[in-house]
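So the structure is just underneath, and the comments pick up after that.
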Amino acid sequence: MYTLEEISVKVLQYSPWYHKIYLGHGITTPGRDYDKIWNMIRETRNVLDFNNKIVLDLGSFDGMWAFEAEQLGANIVVATDCYYENFYKFLFCREMLQSNVVPYYNVSPYRLFDRLDVFLQESWKGEKPYDRLFDIVQHLGIFYHLRDPLLSLSQARSVLKTGGHLLMETAIVLNEDKPIMLFNCSPPKQKIYNDITTWWAPSLECLKEMLKSTLFETIDESIKILTVPSKSDGELSVTRASLVARAVSGDNIDKSLYRELTRTYRNPGLNTDWI
3 MYTLEEISVK
13 VLQYSPWYHK
23 IYLGHGITTP
33 GRDYDKIWNM
43 IRETRNVLDF
53 NNKIVLDLGS
63 FDGMWAFEAE
73 QLGANIVVAT
83 DCYYENFYKF
93 LFCREMLQSN
103 VVPYYNVSPY
113 RLFDRLDVFL
123 QESWKGEKPY
133 DRLFDIVQHL
143 GIFYHLRDPL
153 LSLSQARSVL
163 KTGGHLLMET
173 AIVLNEDKPI
183 MLFNCSPPKQ
193 KIYNDITTWW
203 APSLECLKEM
213 LKSTLFETID
223 ESIKILTVPS
233 KSDGELSVTR
243 ASLVARAVSG
253 DNIDKSLYRE
263 LTRTYRNPGL
273 NTDWI
């Protein structure tokens, strides 16, 4: 095990950090100042029971949410990302925490079903293939970074048990009742964040309808919204919101919509064979 001096050197060596992860010995990684957002997520997360659950964390970065899921009692946690530079930070934290979180740092949120086939199809304990779908999928801080967010939601639903839960956080348009989605636009006309990796901010109503059209049912009492906007262009204000949505079967939505969702040649991403 490392000495305190060696831990401090490694934390400095791996800078910059995104997440604030307590490593023990009074040392926390010096992540970004997003505590208001992160505490909002934790408040939303309180409606979930992680005990003995199988959890998938998307866009894990340094791994904070994956490690917290394990600390909350999850039986198995899988951490995914495709930002490989953060893998070294994740491995260091995993070692320091003596964690059993399983890393898949070559998995895009657009290709969960096929890229996680090794995990989903394996039968170490006698399960049949796809018996081991996830109980909880953590989709935190990535929706607005995706050019095709519906595809990501469809893939999240495809690896989630019916009755399981999606824990979600994203940028949203504040105080807009219509189901709209704001496009960030190219520089210098950006409407959401001055960040070329940001594409969309839905209104809350839009997000709920997108979830509904992907076999999710929003749990309204889980919704938390930061009331202070993080960006405003005079017309629309953008803030952050978190929520939990329950995975439902095709019987819970309009039959014609469900038939359309199964036409994957024009609606790719939702695999209904195992859910």
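Mapping of the sequence shown onto the working numbering: position 64 corresponds to residue 66, and the numbering continues sequentially without gaps. Using N, Cα and C, we set each Cβ at its ideal position, and we do this for glycine too.
Excluding sequence positions up to five away, which residues of its chain have a Cβ less than 6 Å from the Cβ of N273?
If you number the sequence shown from 1, residue 273 lands on position 271. Cβ within range, chain order: F115 and S160.
Spatially closest choice to I138 from K163, D35 and S258, by CA coordinates:
Here residue 138 refers to the residue found at position 136 when the sequence shown is read from its first residue. It is K163.
Using 8 Å as the threshold, is the segment 66-77 in touch with the segment 91-110, meaning 3 or more CB pairs across them?
yes
May I have the straight-line CA-CA distance separating Q140 from V13, to the nearest angstrom?
On the sequence shown, residue 140 is found 138 positions in, with the first residue counted as 1. On the sequence shown, residue 13 is found 11 positions in, with the first residue counted as 1. Distance between the alpha carbons of Q140 and V13: 26 Å.
In or out: Q15 buried (at least 16 other Cβ within 10 Å) or exposed?
Stepping through the sequence shown from its first residue, residue 15 is reached at position 13. Counting Cβ neighbours within 10 Å, Q15 comes out exposed, since fewer than 16 surround it.
Can you tell me whether L6 is buried or exposed, with buried defined as 16 or more other CB within 10 angstroms of its CB?
Indexing the sequence shown from 1 puts residue 6 at position 4. By the 10 Å Cβ count, L6 comes out exposed.
Only counting runs of 4 or more residues, tell me where the alpha helix (DSSP H) segments fall wholly within the segment 67-98, in order along the chain.
none
Is N41 near D64, with beta carbons less than 8 Å apart?
Within the sequence shown, residue 41 is the residue found at index 39, counting from 1. Within the sequence shown, residue 64 is the residue found at index 62, counting from 1. Cβ atoms of N41 and D64: not closer than 8 Å.
For I138: DSSP bridge partner residues
Taking the sequence shown and counting its residues from 1, the one referred to as residue 138 is at position 136. According to DSSP, I138 bridges with V57 and H167.
The beta strand (DSSP E) enclosing S244, as first and last residue numbers
Counting from 1 along the sequence shown, the entry for residue 244 is found at position 242. That run of the beta strand (DSSP E) goes S239 to A249.
When G61, E97 and K91 are compared against V80, the one with the closest alpha-carbon
Within the sequence shown, the letter at position 78 stands for residue 80. Closest by alpha carbon: G61.
According to DSSP, simplified to helix, strand and coil, what is T172?
Along the sequence shown, one-based indexing puts residue 172 at 170. DSSP places T172 in strand when its eight states are reduced to three.
Coil, strand or helix - L25 by DSSP
For the purposes of this step, residue 25 is taken as the residue at position 23 of the sequence shown. L25: strand per DSSP, three-state reduction.
Tell me the rounded alpha-carbon separation between K130 and L209.
Stepping through the sequence shown from its first residue, residue 130 is reached at position 128. Stepping through the sequence shown from its first residue, residue 209 is reached at position 207. When rounded, the distance between both Cα atoms is 34 Å.
State the Cα-Cα distance for the pair L168 and E124, rounded to the nearest angstrom.
Position 166 of the sequence shown holds residue 168. Position 122 of the sequence shown holds residue 124. For L168 and E124, the distance between alpha carbons rounds to 23 Å.
Give the range of the alpha helix (DSSP H) segment to which M42 is assigned.
By one-based count along the sequence shown, residue 42 stands at place 40. Residues D37 to R47.
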